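Going by the UniProt record's numbering, 343 is the number at position 343 of the sequence shown; the sequence numbering is gapless.
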Amino acid sequence: MENGGAKLNGVNKNWRFKGIEPAATAATAATTTTNNNNIINNNNNGKMESDNATLKKPSRGVTVREARTMIMENLDPLDQRPMLALAHGDPSIFPCFRTCRNAETAVVDALSSGQFNSYGTAVGLPPARKAVAEYLSRDLPYQLTSNDVVLTLGCTQAIDIALSSLASPGANILLPSPGYPYYEVFSGHIGLETRHFDLLPENGWEVDLDAIEALADVNTVAMVIINPGNPCGNVFTYSHLQKVAEVAKKLGILVISDEVYGHLTFGSNPFIPMGVFGSIVPVITVGSLSKRWIVPGWRLGWLVTNDTHGILQKYGVMESIKRIASISADPATFIQGAVPQILEKTSEEFFSRVINILRQDADICYDKLKEIPCLMCPHKPEGSMFVMVKLDLSKLNGIIDDIDFCIKLAKEEKMIILPGVTMGAKNWLRITFALEPKALEDGLERLKTFCQRYGVITNP
Numbered sequence: 001m002e003n004g005g006a007k008l009n010g011v012n013k014n015w016r017f018k019g020i021e022p023a024a025t026a027a028t029a030a031t032t033t034t035n036n037n038n039i040i041n042n043n044n045n046g047k048m049e050s051d052n053a054t055l056k057k058p059s060r061g062v063t064v065r066e067a068r069t070m071i072m073e074n075l076d077p078l079d080q081r082p083m084l085a086l087a088h089g090d091p092s093i094f095p096c097f098r099t100c101r102n103a104e105t106a107v108v109d110a111l112s113s114g115q116f117n118s119y120g121t122a123v124g125l126p127p128a129r130k131a132v133a134e135y136l137s138r139d140l141p142y143q144l145t146s147n148d149v150v151l152t153l154g155c156t157q158a159i160d161i162a163l164s165s166l167a168s169p170g171a172n173i174l175l176p177s178p179g180y181p182y183y184e185v186f187s188g189h190i191g192l193e194t195r196h197f198d199l200l201p202e203n204g205w206e207v208d209l210d211a212i213e214a215l216a217d218v219n220t221v222a223m224v225i226i227n228p229g230n231p232c233g234n235v236f237t238y239s240h241l242q243k244v245a246e247v248a249k250k251l252g253i254l255v256i257s258d259e260v261y262g263h264l265t266f267g268s269n270p271f272i273p274m275g276v277f278g279s280i281v282p283v284i285t286v287g288s289l290s291k292r293w294i295v296p297g298w299r300l301g302w303l304v305t306n307d308t309h310g311i312l313q314k315y316g317v318m319e320s321i322k323r324i325a326s327i328s329a330d331p332a333t334f335i336q337g338a339v340p341q342i343l344e345k346t347s348e349e350f351f352s353r354v355i356n357i358l359r360q361d362a363d364i365c366y367d368k369l370k371e372i373p374c375l376m377c378p379h380k381p382e383g384s385m386f387v388m389v390k391l392d393l394s395k396l397n398g399i400i401d402d403i404d405f406c407i408k409l410a411k412e413e414k415m416i417i418l419p420g421v422t423m424g425a426k427n428w429l430r431i432t433f434a435l436e437p438k439a440l441e442d443g444l445e446r447l448k449t450f451c452q453r454y455g456v457i458t459n460p
């Protein structure tokens, strides 16, 4: 990172994190070569009775994919309606969300060139890393270099490497609640303790900064933020992110900023990368092509260090990151070969088209949810592809909790949404609105019908 010879003057010298030792690196990195989307928490095989059938139920400690699969097992095979999945951030099956022609052409050109058939380098091909550095630097007050970038198998592997590099014995990290459950699942897999701070719905899902200070101790190494928000659909302001940076600096911890939905914003708050505050606190940014380009199956992600004072290098974190990357699988070389053209030549017209569809979907979702008495949406979503909705059980008969709600919804309406408990928010629901608008309207109509079926009838 080019920083004009910045020194450590004025910077917290008592950082609590450090790179893990080589032996520990080998042990934790071995887990990154497994299929981490299929990690199973053996304590989450509980069952519940519903409609005289034994049904599997998801709970906190499972991945989104696991939770979705468990709920899908309760679909009625005799229901001839199309299954509607409002449960995951992959709208690529809808023609209106097809990726841009430039991205497709870039992959074809790279593959047909014959230059990308060999193994890649451990941290990624230099031209692709340089392109990612230049792409992300557009939004920063300093210039990243290829040395700040590690290419990964999607954002998921970037998360794996970031967490593994910090997993020294006794260490803990702070996670948002509600939050993306993979962080907790993988942390448990590598022996990294997790603690949870609230995102405050009454404040637009901002971080509870007082909770951060109360939760942290001498073994806390990092906090995670997700911006734009998954699962809440919020977008943090510049002012709030600066406060997050100042609190993290005070505590001596780094910030892992999940920006996989970066630039997918359609409300009043623009997207601000956490790396803007890399001069205040070290930031590890994780992201990918998956969401902005609508190509999650291409599995091209990145881990980027935003650290103008070189603190991560000094404390051995960079060494740990690169060591773990060197013994992990890496993205397909022909996809890496396409990265420069994808990042440099994608038109704003494509990005605007995607944003306009997401804005339309967010409007439809918010307006339709207001028609359902048992569901409360604290805020209209302004980013990502999700919204969190509170379930009012007092207005429903025969529904035990959010898990029961989602299982019965799947069985009766052939529709999948996720129970909030998987995100750390019991009796909430996470709804994905990134669908073709007509399909979204159909899904929300099914949801309304289901809620009316179980609704409490009040006397006039």
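Ideal Cβ positions, reconstructed from N, Cα and C, are used throughout, including at glycine. On a predicted model such as this, the values are computed, not experimentally measured, just so you know.
CB of residue i within 9 angstroms of CB of residue j, strictly
i, j, result
"Arg362", "Phe266", "The sequence shown places Ala at residue 362, rather than the Arg named in the question. For Ala362 and Phe266, yes; Cβs fall inside 9 angstroms."
"Gly262", "Pro228", "yes"
"Glu184", "Asn219", "no"
"Val389", "Trp428", "yes"
"Asn234", "Glu206", "yes"
"Ser177", "Leu163", "no"
"Asn172", "Arg195", "yes"
"Lys368", "Glu436", "no"
"Ile226", "Gly179", "yes"
"Leu153", "Ser328", "yes"
"Trp293", "Cys155", "no"
"Gln341", "Asp109", "yes"
"Ala222", "Ile20", "no"
Which of helix, strand or coil DSSP assigns to residue i
i, result
"Asn42", "Reliability of the predicted coordinates at Asn42 is poor, the pLDDT of 32 falling under 50, and the value obtained from them is presented with this limitation in mind. Looking at Asn42 - three-state DSSP - the assignment turns out to be coil, as it is neither helix nor strand."
"Pro169", "coil"
"Thr33", "Legend: pLDDT at Thr33 = 41, less than 50; position of this residue unreliable, value from coordinates given subsequently. Correct three-state label for Thr33: helix."
"Phe433", "coil"
"Glu413", "helix"
"Phe386", "strand"
"Met376", "strand"
"Trp205", "coil"
"Thr285", "strand"
"Gly455", "strand"
"Phe236", "coil"
"Trp298", "helix"
"Thr63", "coil"
"Asp51", "With a pLDDT of 35 at Asp51, under the threshold of 50, the modelled position of this residue cannot be trusted; read the value that follows with caution. Asp51: coil per DSSP, three-state reduction."
"Thr305", "strand"
"Ala85", "strand"
"Asp258", "strand"
"Thr422", "helix"
"Leu8", "Here Leu8 scores only 37 on pLDDT, less than 50, and its place in the model should not be relied on; the value that follows carries that caveat. Here Leu8 sits in coil by DSSP."
"Leu251", "helix"
"Val244", "helix"
"Leu174", "strand"
"Glu440", "This sequence places Leu at residue 440; Glu is not what is there. Leu440 falls in the helix class under three-state DSSP."
"Leu391", "strand"
"Thr265", "strand"
"Val123", "coil"
Beta-carbon separation (whole angstroms), residue i vs residue j, contact threshold 8 angstroms
i, j, result
"Cys374", "Asp392", "5 angstroms"
"Pro282", "Leu241", "No, Pro282 and Leu241 are not in contact; Cβ-Cβ is about 14 angstroms, not under 8 angstroms."
"Gly301", "Gln143", "Incorrect: roughly 21 angstroms between the Cβ atoms, too far for contact."
"Ile71", "Ile416", "6 angstroms"
"Ala434", "Pro91", "4 angstroms"
"Thr422", "Gly89", "With a Cβ gap of about 14 angstroms, Thr422 and Gly89 do not count as contacting."
"Lys408", "Asp76", "At roughly 11 angstroms, the Cβ-Cβ gap does not stay under 8 angstroms, so Lys408 and Asp76 are not in contact."
"Val62", "Pro181", "7 angstroms"
"Cys232", "Phe405", "With a Cβ gap of about 19 angstroms, Cys232 and Phe405 do not count as contacting."
"Ala87", "Leu418", "5 angstroms"
"Glu382", "Ser239", "Wrong, their Cβ atoms sit about 16 angstroms apart, outside the cutoff."
"Lys448", "Ile364", "Not a contact, Cβ separation roughly 13 angstroms."
"Leu94", "Val354", "The amino acid occupying residue 94 in the given sequence is Phe; Leu does not appear at that position. Contact flag wrong, Cβ pair sits at about 11 angstroms."
"Arg16", "Gly188", "Going by Cβ atoms, the distance from Arg16 to Gly188 rounds to 21 angstroms, so no, they are not a contact pair."
First and last residue of the uninterrupted alpha helix (DSSP H) at residue i
i, result
"Gly136", "At residue 136 the sequence reads Leu, which differs from the Gly that was named. 126 to 137 is the extent of the alpha helix (DSSP H) around Leu136."
"Glu104", "101 to 112"
"Leu163", "154 to 164"
"Gly188", "182 to 189"
"Phe334", "333 to 345"
"Ile357", "348 to 369"
"Arg323", "317 to 326"
"Gln313", "311 to 314"
Range of the contiguous beta strand (DSSP E) that encloses residue i
i, result
"Thr220", "220 to 226"
"Glu193", "193 to 200"
Heavy atom of the ligand NAP within 8 angstroms of residue i beta-carbon
i, result
"Ile372", "Among the ligands in the structure shown, none appear at all, so the ligand NAP cannot be discussed."
Cβ contact check for the stretch 385 to 397 and the stretch 334 to 345: 3 or more pairs under 8 angstroms: Taking 8 angstroms as the limit for Cβ pairs, the verdict is that the stretch 334 to 345 does not touch the stretch 385 to 397.
At a cut of 8 angstroms, does the stretch 206 to 218 reach the stretch 116 to 132 through at least three beta carbon pairs? Taking 8 angstroms as the limit for Cβ pairs, the verdict is that the stretch 116 to 132 does not touch the stretch 206 to 218.
Is it a yes or a no for the stretch 338 to 351 touching the stretch 311 to 319, going by three-plus beta-carbon pairs under 8 angstroms? No: the two stretches stay apart, fewer than three of their Cβ pairs being nearer than 8 angstroms.
Taking one C-beta from the stretch 71 to 87 and one from the stretch 286 to 304 each time, how about it: are there three or more such pairs within less than 8 angstroms? Put simply, the stretch 71 to 87 does not touch the stretch 286 to 304. Fewer than three CB pairs are less than 8 angstroms apart.
Given 8 angstroms, three or more beta-carbon pairs between the stretch 298 to 312 and the stretch 273 to 282: Output reads yes: the stretch 273 to 282 touches the stretch 298 to 312.
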